[in-house]
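Enquirer:
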Amino acid sequence: MEGCRWTAAGTLLLASLLLSSRTARSEEDRDSLWDAWGSWSECSRTCGGGASYSLRRCLSSKTCEGRNIRYRTCSNVDCPPEAGDFRAQQCSAHNDVKYQGQFYEWLPVSNDPDNPCSLKCQARGAALVVELAPKVLDGTRCYTESLDMCISGLCQIVGCDHQLGSAVKEDNCGVCNGDGSTCRLVRGQYKSQLSANKLDDTVVAIPYGSRHVRLVLKGPDHLYLETKTLQGVKGENNLSSTGSFIVDNSSIDFQKFPDKEILKMSGPLTADFTIKIRHAGAADSSVQFIFYQPIIHRWRETDFFPCSASCGGGYQLTSAECFDLRSNRVVTDQYCHYYPENIKPKPKLQECNLDPCPASDGYKQIMPYDLYHPLPRWESTPWTACSSSCGGGIQSRSVSCVEEDIQGHISPVEEWKCMYTPKMPVVQPCNIFDCPKWLAQEWSPCTVTCGQGLRYRVVLCIDHRGMHTGGCSSKTKPHIKEECIVPTPCYKPKEKLPVEAKLPWYKQAQELEEGAVVSEEPSFIPEAWSSCSVTCGVGSQVRLVKCQVLLSFSQSVADLPIDECEGPKPVSQRACYSGPCSGEATEYTPEESDLLYGSLQEFDELYDWEYEGFTECSESCGGGVQEAVVTCLNKQTRETADEALCVTSRRPPQLLKACSLDPCPPR
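Written out as structure tokens, the structure reads:
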């Protein structure tokens with residue numbers, strides 16, 4: 153009987169087998185009471201995810217255990233943008249039905265936490281919210297940001313695999329059950345440096361396919377969008393008011409507050425978006441942004457290259473190529489190197505063509521390749537000139553795989569033969585230092601001691617080393633002159649001249665303005681102006697203007713013929729004004745006045761001729777004449793000034809009028 157003895161473990165095993173057998177039989181008995189499942193019904197929707205059901209009939213006179221209906225999802229394709237929201241369609245279906253004796257235009261109320269599967273709608277322009285149906289149609293989303301759907305009035309969990317009851321979720325990159333490796337998190341902060349001269353600026357460029365975009369602007373400025381589709385179509389949206397809207401088939405939610413703006417886009421974006429900021433106030437603004445950017449360039453392993461030998465044993469390698477997922481084509485490796493997450497796969501090596509060669513009665517002895525002659529190697533051409541002289545450019549070179557035979561002859565071979573070592577880069581950045589930019593100095597004191605005048609400043613073109621240079625764009629140059637107001641009232645006797653400051657700042661600013669630096673391109677280089685030819689009144693100044701070029705190899709300057717320089721030649725003569733001579737009123741020819749006006753425009757802003765009444769009549773009776781009095785006035789203080797200060801304005805014509813027309817009494 154020893155062989156029939158049961159252990160405790162054996163008893164438990166037997167009990168377990170008996171229980172599972174009974175359970176299986178009970179399930180079979182239970183299912184045998186049901187008829188077979190019927191065919192699936194038509195889908196409740198044609199797109200956007202709907203529901204279909206299947207029925208079965210109970211064959212027993214008693215109650216059958218289990219359910220007589222089952223569901224599955226269907227039509228899991230995106231609806232076109234013009235189709236609209238499914239819940240909104242159900243609300244609008246009641247627009248033609250009177251509610252409490254009145255017609256309304258109904259809008260959907262989404263994300264009800266208590267009963268997400270009832271059809272609640274709100275009347276447009278009113279606070280009236282009504283449950284128009286106890287259940288929404290099957291396939292309606294429970295919540296706007298979820299795949300869960302309402303079926304028979306109950307919210308059913310739906311995974312990203314579109315299966316009922318599935319808990320599978322999308323990762324931040326939009327990949328179902330993914331690991332987040334196909335995108336990268338981008339976050340940052342932008343601080344505006346806008347002004348009256350710089351009304352807008354770029355905050356961040358968000359590429360096609362990005363997800364979970366959120367930007368928060370704090371400050372007085374405003375956000376706006378620029379878009380560009382894959383077909384090159386450009387657009388702009390000013391984001392003028394709060395709301396949800398569609399831009400290039402991408403859904404946007406925008407909130408506008410007095411002191412901040414919030415922009416959200418769930419994505420994936422269907423175009424490249426450039427977020428910009430527009431100047432609207434004196435205070436600075438800041439923008440915080442975060443989004444997930446798709447890694448659209450990924451390494452793709454190639455097939456094995458041809459075998460190194462046709463027989464007798466050889467080897468073959470794989471490689472990796474950079475693949476653009478958006479355009480579905482191979483691109484240069486530099487695009488994949490842009491993403492730190494992208495690690496280039498190492499080549500795989502395998503033996504090949506191991507059959508013996510026909511001319512040999514045995515296997516060829518395989519020896520290391522480098523015992524015959526040097527291994528193939530990468531060779532490169534010199535780098536090209538940089539594509540930009542400053543601000544960051546690119547230079548390139550060609551890299552090829554070459555082989556050297558025993559005699560030392562070098563010849564190009566297939567690239568796979570060099571894949572045992574990394575390929576040298578074919579592009580690299582260059583001239584990454586900043587381009588020259590304008591630097592404005594402090595403003596000078598105002599040119600007057602009271603009232604309105606002018607002030608000046610020196611504006612220099614400075615390179616990345618802080619040296620005075622050329623090359624700055626004239627379009628972005630800050631102005632060197634502006635109006636200023638001295639709050640001191642002007643109380644001057646009419647017979648005295650207004651106090652006018654000299655203009656050394658303007659001369660200094662003008663000279664530095666016109667200064668130029670010799671470069672490697674032929675350019676006009678003016679020398680300093682000579683002293684004024686007179687000590688008072690209107691004179692002239694001259695200077696020498698040369699065509700020069702910088703010889704880079706010797707760092708010396710060479711003079712060239714004038715016709716070697718392009719563009720307008722700077723003037724070599726100009727007028728100068730040294731003030732009135734001993735208080736005398738000076739007469740100027742029209743040519744002198746025109747020349748002086750070109751150099752002293754600021755006087756025209758301060759002084760002008762005006763009529764001040766008429767002289768006494770030349771006769772007391774019998775007919776006489778009166779002559780109009782013309783004086784030079786300061787337009788700010790309305791005080792009489794020396795006539796020499798009005799030389800830049802045309803003197804008005806002499807006016808005469810008749811007077812004392814009554815006949816004289818007889819003597």
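Take the sequence shown: its position 237, counting from 1, is numbered 389 in my numbering, and each next residue is one higher.
Virtual Cβ for every residue (Gly too), placed ideally from N, Cα, C.
#1: I need the straight-line Cα distance from threonine 454 to proline 577, nearest angstrom please.
#2: Which two residues bound the contiguous alpha helix (DSSP H) that contains cysteine 488?
#3: Our contact map puts threonine 792 next to cysteine 784 with C-beta atoms below 8 Å; I'd like the distance itself, whole angstroms only.
#4: In or out: tryptophan 535 buried (at least 16 other Cβ within 10 Å) or exposed?
#5: Kindly indicate the opening and closing residues of the beta strand (DSSP E) around glutamine 252.
#6: Using the DSSP secondary-structure output, state which residues sit across from serine 396 in a beta bridge.
#7: When the Cβ atoms of the segment 575 to 591 are set against those of the segment 545 to 554, are three or more pairs found closer than 8 Å?
#8: Among Thr533, Thr470, Ser541 and Tyr491, which residue has its Cα nearest to the Cα of lysine 569?
#9: Please tell me whether asparagine 494 and serine 462 are closer than 9 Å, where the distance is taken between their beta carbons.
#10: Mind checking glutamate 413: buried by the 16 CB within 10 Å criterion, or exposed?
#11: Hey, quick one: how far does the alpha helix (DSSP H) through serine 563 stretch, first residue to last?
#12: Answer yes if the segment 242 to 249 comes into contact with the segment 195 to 209, meaning at least three C-beta pairs across the two stretches below 8 Å, and no otherwise.
#13: Starting from the C-beta of asparagine 263, find all residues in its chain whose C-beta is less than 7 Å away, skip the five residues before and the five after it, and write them out in chain order.
#14: Put isoleucine 714 into one of helix, strand or coil per three-state DSSP.
#15: Considering only their Cβ atoms, is the gap separating threonine 225 from glycine 202 smaller than 9 Å?
#16: What residues match up with histidine 449 in a beta bridge as DSSP calls it?
#17: How is the beta strand (DSSP E) around glutamine 468 delimited, first residue to last?
#18: Considering Cα atoms alone, identify which of Met619, Ser563, Arg609 and Arg452 is closest to lysine 589.
#19: May I have the straight-line CA-CA distance separating serine 671 from valine 694, to the nearest angstrom?
#20: Residues bridged to cysteine 582 by DSSP?
#21: Considering only their Cβ atoms, is the gap separating leucine 369 from valine 439 smaller than 9 Å?
#22: Kindly indicate which residue of Asp476, Gly305 and Leu280 has the alpha-carbon position closest to the one of proline 286.
#23: Shortest alpha-carbon distance to glutamate 378 belongs to which of Ser479, Val701 and Asp352?
#24: Report buried or exposed for arginine 197, applying the criterion of at least 16 other Cβ atoms within 10 angstroms of its Cβ.
#25: Just verifying my parser: in three-state terms, what is the DSSP assignment at lysine 370?
#26: Cβ of cysteine 717 within 9 Å of Cβ of phenylalanine 676?
#27: Tell me the DSSP secondary structure of threonine 628 in three-state form.
#28: Please determine if the segment 270 to 279 and the segment 311 to 320 are in contact, where contact requires at least 3 C-beta pairs separated by less than 8 Å.
#29: Buried or exposed: leucine 166, going by 16 or more other Cβ atoms within 10 Å of its Cβ?
#30: If you follow the beta strand (DSSP E) that arginine 430 is part of, which residue opens it and which one closes it?
#31: Does DSSP classify phenylalanine 457 as helix, strand or coil?
#32: Could you round the C-beta distance between methionine 417 and isoleucine 404 to whole angstroms and report it? I think they count as a contact, below 8 Å.
#33: Mind checking whether leucine 367 and isoleucine 427 have CB atoms under 9 Å apart?
#34: Counting C-beta neighbours from all protein chains within 10 Å, is the total for alanine 432 16 or more, i.e. buried, or is it exposed?
#35: Ordered along the chain, which non-local residues of its own chain (more than five positions away) have a Cβ less than 7 Å from that of arginine 803?
#36: Kindly identify the DSSP beta-bridge partner or partners of lysine 613.
Expert: Answer, in terms of the structure:
#1: 20 Å
#2: 486 to 489
#3: 7 Å
#4: exposed
#5: Per DSSP, glutamine 252 belongs to no beta strand (DSSP E) and is neither H nor E.
#6: Asp405
#7: yes
#8: Thr470
#9: no
#10: buried
#11: No alpha helix (DSSP H) holds serine 563; the beta strand (DSSP E) holding it covers 562 to 564.
#12: no
#13: Tyr295 and Thr296
#14: helix
#15: yes
#16: Asp476
#17: 466 to 469
#18: Met619
#19: 24 Å
#20: Gly545
#21: yes
#22: Gly305
#23: Asp352
#24: buried
#25: strand
#26: yes
#27: helix
#28: no
#29: Confidence in leucine 166 is poor, its pLDDT being 39 and thus under 50, which makes the residue's placement unreliable; the coordinate value appears in the next sentence. Under this definition leucine 166 is an exposed residue.
#30: 424 to 430
#31: coil
#32: 5 Å
#33: yes
#34: exposed
#35: Trp761 and Val782
#36: The sequence shown places cysteine at residue 613, not lysine. For cysteine 613, which the question treats as bridged, DSSP gives the partners Trp590.
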